[in-house]
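Going by the working numbering, the first residue of the sequence shown is number 4, and it counts up by one from there. Built from N, CA and C at the ideal position, the CB exists for glycine as well. To keep things clear, I will list the structure first and then write my remarks on it.
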Amino acid sequence: MSEKKVVSETLYDGYAQSFTVTKQLFEVKTEHQYLEIVETPFMGRVMLLDGVVQTTEKDEFIYHEMMVHVPLFAHPNPKRVLIIGGGDGGILREVLRHQNVEHVTQVEIDGSVIDMCKEYFPNHSQGAYDNPRANIVIADGKEFVASCQDKFDVIIADSTDPIGPGEVLFTSDFYADEKNNCLAEGGIMVAQNGVPFMQGDELTNTYQRLGKLYKDASFYVMPVPTYIGGFMSLAWATDDESLRQQTAEQIQARVAGAGFETRYYNADVHVASFALPNYIRNLMK
């Protein structure tokens, strides 16, 4: 009887999750990172970058819906959106469901990630990369925002963890360039910010950096099963302090007019996601 192959995540020392692998679909060492795609019995296809789980077929909808619909329904009229990272296409897919969005620029450092995800995770993008409203730029996100000439109503930084190529997307300089060069007046910036129970320093650092730039810097949370350790946090930053204070009724009015269904996100979840447990509040110092 052959031994089952198992792949274990390498994000934390002394603590890990493992997946039984039924098939190794793809692996490559790109210019920037080691990319691996495996088939698993429970989570479907799983993508890892440098040994860290990035996305799975089974639970991706929670992450992508919350990262996109919270800022896009909070903003009164988002027309232009900038995505940093997000090569699997899930963020782009969800943004393009908003028909009032006229233009989306996505900046991805590694074009091979997009190519592989089109092939092995087609349901993530669902044809979004062929949408005429989408402009795909293969470039370093930090360099892009440093020389950005356009203004965007919403910026979504869907980066990897602050190790390797994603590390520069958590720096004070990156946040400052995002706001000063790219974000329209009254705009919203959100960013992947890790699991606070496991990566508390990451949340504290982000809060301190964004707090120096924005009138309203905070976080909202969601439970994504494969991002182990409890709530995942998303950074939230804007100069319009009213946007985070909207009621479920105000959000629902926009949701009702959007004309599409979601699997996780709704107006009640939107409002509730900003209610932070004390252990997360205590990290915001």
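Is residue 209 helix, strand or coil when you go by DSSP? helix
Which complete beta strand (DSSP E) runs does the stretch 112-199 hold, if anything under 3 residues is left out? 137-141, 155-161 and 186-195
Across the stretch 29-39 and the stretch 72-90, are there enough close Cβ pairs to call them in contact, namely three or more that are closer than 8 Å? With a cut-off of 8 Å, the stretch 72-90 and the stretch 29-39 do not count as touching, because too few Cβ pairs lie within range.
Does the separation of the CB atoms of residue 66 and residue 227 fall below 7 Å? yes
Determine the closest residue to residue 235 out of 194, 83 and 96, with distance taken between C-alpha atoms. 194
Hey, quick one: how far does the alpha helix (DSSP H) through residue 68 stretch, first residue to last? 63-77
Looking only at C-alpha atoms, which of 16, 31 and 50 sits nearest to residue 24? Nearest to residue 24 by C-alpha distance, out of 16, 31 and 50, is 50.
Report buried or exposed for residue 150, applying the criterion of at least 16 other Cβ atoms within 10 angstroms of its Cβ. exposed
Quick check: what's the CA-CA separation for residue 205 versus residue 237? Each residue's alpha carbon lies about 11 Å from the other.
Rounding to the nearest angstrom, what Cα-Cα distance links residue 18 and residue 152 in this structure? Straight-line measurement puts the Cα of residue 152 at about 43 Å from the Cα of residue 18.
Please say whether residue 143 and residue 112 have beta carbons closer to each other than 7 Å? yes
Sheet register partners of residue 225 (DSSP bridge): 235
Below 8 Å on the Cβ atoms is my contact criterion, and I expect residue 191 with residue 241 to pass it. Report the Cβ-Cβ distance as a whole number of Å. 5 Å
Would residue 10 and residue 41 be called neighbours here (beta carbons separated by less than 7 Å)? Contact: yes.
Since residue 114 contacts residue 141 with CB under 8 Å, what's their CB separation in whole angstroms? 4 Å
N-terminal and C-terminal residue of the beta strand (DSSP E) that residue 104 is part of: Counting along the chain, residue 104 falls outside any beta strand (DSSP E), and DSSP gives it neither H nor E.
Pair within 7 Å by beta-carbon distance, residue 209 and residue 56: no
Where the beta strand (DSSP E) containing residue 51 begins and where it ends: 47-52
Could you work out which residue in 89, 203, 97 and 61 is closest to residue 233 when comparing CA atoms only? Closest option to residue 233, Cα to Cα, is 203.
Within 10 angstroms of the Cβ of residue 105, are there 16 or more other Cβ atoms? Answer buried if so, exposed if not. exposed
Contact check, residue 277 vs residue 257 under 8 Å by CB: the rounded distance? The Cβ separation is near 16 Å, so there is no contact.
Reducing DSSP to helix, strand and coil, say where residue 93 ends up. helix
On a CA-only basis, which of 255, 29 and 272 is nearest residue 119? Give me that one, please. 29
In terms of residue numbering, what span does the alpha helix (DSSP H) encompassing residue 260 cover? Residue 260 -> alpha helix (DSSP H) spans 251-261.
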